[in-house]
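Notes follow the structure.
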Amino acid sequence: MSAAWLRWIGPVAVGLLFVAGWHAAVTLGEVPHYIVPSPLLVAETLVADWSLLARSLRFTLEVTLLALALSVLLGTLLSFLFVQSRLIEASLFPYAVVLQVTPIVAIAPLIIIWVREPFAALVICATVAAIFPVIANTTLGLRSVDPGLADLFRLYRASRLQTLLRLRLPGAAPYFFAGLRISAALALIGAVVAEFVAGTGGTESGLAYQILMAGLQLNIPRLFAALLLITLAGIALFLGVSLLSWLALRRWHESEVSSPG
Amino acid sequence: MHDAQAAVEIRGADKTYPNGVRALSPIDLTVREGEIVTLVGPSGCGKSTLLRMVAGLLAPDRGSVRLADAFAGRTAFVFQQPTLMPWARVEANVRLPLELAGERGAGAAEEVAHALELVGLSPFARAWPRELSGGMQMRASIARALVTQPRLLLMDEPFGALDEITRHRLDREISALAAHERLTILFVTHSIYEAAFLSSRAFVMSARPGRLTREVVIDAPHPRGDAFRASPAFTAACAELSQRLAEAAGEPVA
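Going down the list, the sequences are from chains A and B.
The first sequence begins at 798 in this note's numbering and counts up by one.
The second sequence begins at 454 in this note's numbering and counts up by one.
Here's what the structure looks like:
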């Protein structure tokens, strides 16, 4: 059997075994569905409540993707700024760290109070949660230039812009994508956490809101269905970013030359 | 050949690094047009420092490094490592100096093809650097140096990491290139055999701070082939260089 098959069969088998065990435990143990619903019931709820859940999924995904896009844009621009001078980096980097180490749950209420537009508030929270890996990794990548190539660019009198575009940027790509994978997961977590904090404030509402409400109403099957959708969204996001990374690096970088991640 | 024009004139150049290490004691060296001058010496003797000064990557503390007008701006450097951009195909790597100078279009494509042909890499133009062997990566690096049609080639132990057979072949090719493209070459190596094979004149450099000992003249026309390796001139040059090197190494090493 080929290695590619092995990589799929293992996780799929574990997943199926888990679902089967879950089903068996719930059915045989006669666990009430308001404590733990059976996987079958979760699937049925997913279908029955699809219009409601799909709208929430879309909302959460919008917040997440917008926050991720903002993180990439702002994070990359900040990294460019950082590598322009050590003074700028030394002055600003500690504050990026402050942003990173302060739990998003703690800042979210403030942001939600300050920013009246709920959607914008959620996007800001998720961006704050997601931006640091992009900044840190891209800065590291932009600084990790092969000294020989740097000499070569100096010899041929390359301009600052030429050096940035042709040397620093492609050299930083593997670092950037490593950061992006982490940021993608953090953007989703940030979006969900911020929604929890915002509670029932907004008119439109995401998956976290559904979980919150389902919990209050003891509608545990719907809670599970929403949870499942968040997990699936996270997996899809991770795979999407991995695919991007593979497309960008597969030709030349050791991390991606063999097969998609 | 001794009345040829000076391509590079180094007068009293010395260098002490900020950490206090004295890399060079004052060096005087003239490289004349059309000759291959090699600097042989142990690791850390300041050979690379001297070469980087000629390239303009490093300024001497005192003294001067002057390139003749015909050579200024027509200099190319080949590093110890192939230093290729891993994210670009071989042809794109070779095209880089042209692109940095703003040259594009059919003219540039032609020059890239010509440079690749000179080093025998034409079939690998579309390959990625990681797909090439060490020797072929070095050829790509040389093609990149040749693409701007330089008159002075500075080579810093370019074949040090290659196996002996590949190194011999590339040395032959450098000798042929020098003859056909009328290149002036300043070549740094730690191999006396490479120095004896390539040089019009060779200098042994003593350990830190680097000093040049008397020149060894190897009077045989380029291109040189494998037959030259069996000639008395080659054998004599090797013997003389190895004696100079032993003398240089006899001094206390920092």
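The beta carbon of each residue, even a glycine, is placed where N, CA and C say it ideally should be.
DSSP places Val-844/A within a helical segment (H, G or I) once states are collapsed to three.
Among the residues of chain A, those whose CB is under 7 Å from the CB of Phe-530/B are Leu-952, following chain order.
In terms of Cα proximity to Arg-667/B, the closest of Ala-525/B, Leu-482/B, Val-518/B and Thr-642/B is Leu-482/B. Taken through DSSP and simplified to helix, strand or coil, Gly-573/B comes out as coil. Nearest C-alpha to Ala-926/A among Leu-949/A, Ala-893/A and Phe-950/A: Ala-893/A. Counted as a single uninterrupted DSSP element, the beta strand (DSSP E) harbouring Phe-530/B occupies residues 528-531. Thr-857/A is the residue among Thr-857/A, Phe-974/A, Gly-812/A and Thr-842/A whose C-alpha sits nearest the C-alpha of Glu-992/A.
Residue pairing from DSSP places Asp-609/B in a beta bridge opposite Val-641/B. Put simply, of Ser-501/B, Ala-508/B and Gly-497/B the residue whose alpha carbon is nearest the alpha carbon of Glu-462/B is Ala-508/B. For chain A, the residues of the segment 535-549 of chain B that bring a beta carbon within less than 9 Å of one of its beta carbons are Pro-535, Thr-536, Leu-537, Met-538, Pro-539, Trp-540, Ala-541, Arg-542 and Leu-549, in chain order. Here the C-alpha atom of Gly-807/A lies approximately 59 Å from the C-alpha atom of Met-506/B.
In the three-state DSSP reduction, Val-809/A falls in the helix class (H, G or I).
Under the DSSP assignment, Phe-524/B falls outside any beta strand (DSSP E); it carries neither an H nor an E label. Taking 8 Å as the CB threshold, Pro-829/A stays off the interface with chain B. Taking the Cα positions, Ile-832/A is about 22 Å away from Leu-849/A. Where Val-484/B is concerned, the enclosing beta strand (DSSP E) starts and stops at 475-485. Phe-993/A is bridged by DSSP to nothing; it lacks a bridge partner. Secondary structure of Glu-827/A (DSSP, three-state): coil. Counting every other CB atom within 10 Å of its CB across the protein chains shown gives Gly-872/A a total of 16 or more, marking it as buried. At a cut-off of 8 Å between beta carbons, Leu-553/B contacts chain A. Annotated as distal: Ala-981/A and Val-902/A, with beta-carbon spacing of 8 Å or more.
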